[in-house]
Amino acid sequence: MIGNAHQWHPFQKGSDRLWMTSGVDGCDDEGVEEAVDPDGNGCSSSLSKLSDASKSDAAPSKTPHKPACKLACKPAHKPARKPARKLARKPACKAACKPARSKPAKPKSSPCAPPPPTCHQHSHPNPPIPEAVSDADRHSCAICDVYWRIYLNNELQTSQRPENTQEQHASAQPPVNQLTKKQEKQQKYNAKQRDKKRQESNIKYSGESRIRAHVSNSNPNARIRLMRDLFICWADPSHHKLIAVIKFHPFSAMDPALKAQYEFLSQHLIAQTQFQNANKSNGPAYSGEMYSLGWQKAFEANTKVGIQGISDKVKQDQLGFEDLQTHVPTINCFIGNRFQSVSQPLFHEVKKHHEELKAPGLAPHFERDPDSFTSHLSFTIGAFANTPHMDTNASPFSFVMWIPIKKNTGNLVERNLQVKGGQFIFPDESCGIDFTGFDGIVECAWKATSYSHFTLPSQTSSDQNTQMGLSVQLPKKTERAFINIRDKVYEKDPEKRKWIIRDIALF
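Quick note on numbering: this note's numbering labels position 391 of the sequence shown as 398, and the sequence is numbered without any gaps.
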């Protein structure tokens with residue numbers, strides 16, 4: 008996502024991608040696999056190796072020596088005539104039955120990865136956007152490294168451009184034997200079938216018959232391709248492992264009614280900020296502001312979950328706050344419709360997870376909503392930027408939209424947004440979303456907990472212009488609270504049975 012609960016992800020090279028594997032939660036469809044395995048051999052984990060090692064260390068010895076206690080019980084002049092095999096099966100004492108076994112080593116949880124290296128430019132808000140990055144600078148900062156990979160096609164760095172390890176070189180190709188007509192026919196048929204299956208996969212997850220497909224390139228030196236039109240990103244050429252679906256909606260071709268709904272959404276979210284404080288605990292973020300809407304694990308004592316809002320700010324305009332919350336169900340429904348338009352299969356996975364929790368919608372009343380698919384969202388404004396990371400939220404998939412607006416009002420900026428930079432990057436997939444010169448809305452659905460992502464710094468010549476980023480996901484602590492409410496865990500605990508749900512009635 009654009010920024011929330013996260014897992015640090017330094018810009019790692021090569022085999023480190025194996026650590027990002029994660030299956031689709033609750034998905035029975037083999038067509039969607041969020042695990043990234045560039046070699047196609049399956050992922051190996053140091054935890055599994057540690058477990059295997061502990062088993063081998065704990066295996067009992069098969070040496071046919073007699074137990075010491077058995078020999079001690081027998082007279083010295085009477086030799087043991089029974090076969091060693093029987094002695095091993097009938098030891099004289101229970102101690103002999105149990106060979107010395109060491110306790111299996113408990114798998115140690117992998118330590119948290121250190122924060123990605125950051126140069127002096129990217130350690131403070133509103134850093135400059137470099138025109139070029141030297142080879143030395145790229146290794147000192149994860150963000151500079153991405154800039155270097157984006158600028159690979161620039162003349163300033165053409166001489167530094169590395170070879171793409173995924174590209175086949177003619178000199179390395181083995182000589183091709185002359186094919187028979189039957190083999191040529193079979194080859195063409197196989198290629199046609201592959202293209203057909205790829206097309207079917209594109210349509211299944213995007214609903215688009217004509218959409219650009221990008222295949223992930225794990226080469227850490229590969230040029231990062233910035234997309235300016237709808238595309239679908241796959242982890243493999245066979246289109247079996249989906250990464251993301253991204254769609255662009257230009258204002259020039261947008262229905263006026265749909266445009267009005269987007270503006271109502273952005274205006275509503277800006278209005279919510281007057282009753283909140285910006286989130287200061289978002290680890291990867293170093294620029295911009297973040298706010299939330301919906302339910303979250305409450306920080307107040309004796310509280311299960313609660314809606315967003317600062318009591319002191321709400322008291323300054325109680326009626327305005329209450330009136331604003333009456334429009335939240337409309338917002339909830341609209342965002343759900345937009346998610347479905349990007350990818351119905353991914354939306355249904357998120358909705359299924361939401362229904363299993365018996366969780367409320369975004370509305371400030373704790374009650375089931377059959378049309379709801381989420382209980383929480385975050386949104387950012389004001390030149391937001393963060394470092395490469397993977398989210399740690401509980402949602403099977405995340406949904407994001409970017410809306411160009413006036414910061415103080417939420418009104419749409421339909422032409423010539425005065426914002427430079429701010430691209431959304433998937434560094435390990437060698438691709439990203441470029442908003443430069445695009446007048447419209449961009450929407451994306453993907454597995455944010457499995458694929459590294461981040462927002463590059465941006466600059467604006469107008470303090471009023473900003474790219475609002477909205478991300479729908481459920482924090483893990485909030486999911487745990489919903490499970491405890493559903494399973495009546497709080498009611499069974501004498502110390503927690505009186506805990507409350509902080510809804511709008513308590514403001």
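Every residue gets a Cβ at the ideal spot worked out from N, C-alpha and C, and that includes glycine.
Proximity winner among the options, relative to residue i (alpha-carbon distances)
i: phenylalanine 373; options: Asn133, Leu300, Asn184, Ile511; result: Ile511
i: valine 252; options: Pro377, Val407, Gln274, Pro244; result: Val407
i: glutamate 450; options: Gly476, Ser437, Ser459; result: Gly476
i: asparagine 344; options: Val479, Phe431, Asn133, Lys203; result: Val479
i: proline 395; options: Ile388, Pro464, His361, Val357; result: Pro464
i: arginine 205; options: Gln325, Lys189, Gln194, Ser245; result: Ser245
i: phenylalanine 238; options: Pro227, Asn228, Lys254; result: Lys254
i: isoleucine 410; options: Asn133, Val153, Ile277, Pro132; result: Ile277
i: cysteine 126; options: Ala139, Ala149, Ser141; result: Ala149
i: phenylalanine 431; options: Arg232, Val312, Glu138; result: Arg232
i: isoleucine 388; options: Lys503, His275, Met297; result: Met297
i: aspartate 435; options: Asn228, Gln193, Phe328, Glu191; result: Asn228
i: alanine 401; options: Lys413, Val357, Ser379, Asp446; result: Val357
i: asparagine 423; options: Gln281, Pro377, Thr473; result: Thr473
Burial state of residue i (16 or more Cβ within 10 Å)
i: asparagine 339; result: buried
i: alanine 143; result: exposed
i: proline 135; result: exposed
i: arginine 375; result: exposed
i: histidine 146; result: exposed
i: alanine 263; result: At residue 263 the sequence reads proline, which differs from the alanine that was named. Proline 263 is exposed by the Cβ-count criterion.
i: lysine 203; result: exposed
i: phenylalanine 306; result: exposed
i: serine 259; result: exposed
i: serine 68; result: Confidence in serine 68 is poor, its pLDDT being 43 and thus under 50, which makes the residue's placement too unreliable to answer from.
i: lysine 89; result: Model confidence at lysine 89 stands at a pLDDT of 49, short of 50, so the residue's coordinates are unreliable; what they give is reported in the following sentence. The residue in question, lysine 89, is exposed, as its Cβ has fewer than 16 Cβ neighbours within 10 Å.
i: glycine 313; result: buried
Residue i, DSSP secondary structure in three states
i: leucine 326; result: helix
i: threonine 280; result: helix
i: asparagine 209; result: helix
i: arginine 375; result: strand
i: threonine 399; result: coil
i: proline 257; result: strand
i: threonine 473; result: strand
i: glutamate 502; result: coil
i: serine 478; result: strand
i: alanine 251; result: strand
i: histidine 334; result: coil
i: serine 437; result: coil
i: serine 457; result: coil
i: leucine 233; result: strand
i: leucine 463; result: coil
i: alanine 512; result: helix
i: lysine 427; result: strand
i: valine 312; result: strand
i: glycine 368; result: coil
The beta strand (DSSP E) enclosing residue i, as first and last residue numbers
i: histidine 548; result: The question about residue 548 has no answer here: the residues shown for the chain are numbered 8 through 514.
i: proline 352; result: Here proline 352 belongs to no beta strand (DSSP E); instead the alpha helix (DSSP H) covers 351-364.
i: lysine 413; result: 405-413
i: alanine 392; result: 383-393
i: arginine 145; result: Premise fails: arginine 145 lies in the alpha helix (DSSP H), 142-145, not in any beta strand (DSSP E).
i: glycine 295; result: 292-304
i: serine 225; result: Serine 225 -> no beta strand (DSSP E), and no H or E assigned at all.
i: phenylalanine 238; result: 238-241
Terminal residues of the alpha helix (DSSP H) in which residue i lies
i: tryptophan 155; result: 149-157
i: valine 483; result: Reading off the sequence shown, one finds lysine at residue 483, where the question assumed valine. Segment 483-493, the alpha helix (DSSP H) holding lysine 483.
Residue i: CB within 8 Å of a non-hydrogen atom of the ligand GTP
i: leucine 481; result: Because no ligand of any kind appears in the structure shown, any question about the ligand GTP cannot be addressed here.
Any chain C beta carbon closer than 9 Å to residue i
i: glutamine 480; result: Here there is only one protein chain, and chain C is not present.
Problem set entry | contact_flag[the segment 419-427, the segment 208-225] where n(CB pairs < 8 Å) is 3 or more | no
Exercise. Is the segment 194-212 touching the segment 342-360, taking contact as three or more C-beta pairs under 8 Å?
Worked result: yes
For this session: Pair every Cβ in the segment 402-419 with every Cβ in the segment 215-230, then say whether three or more of these pairs are closer than 8 Å.
Result: no
Problem set entry | At least three beta-carbon pairs within less than 8 Å, the segment 437-445 to the segment 315-335 | no
For this session: Determine, using beta-carbon pairs with one atom in the segment 448-462 and one in the segment 282-289, whether at least three such pairs fall under 8 Å.
Result: no
Exercise. Is there contact between the segment 358-371 and the segment 499-507, where contact requires at least three CB pairs shorter than 8 Å?
Worked result: no
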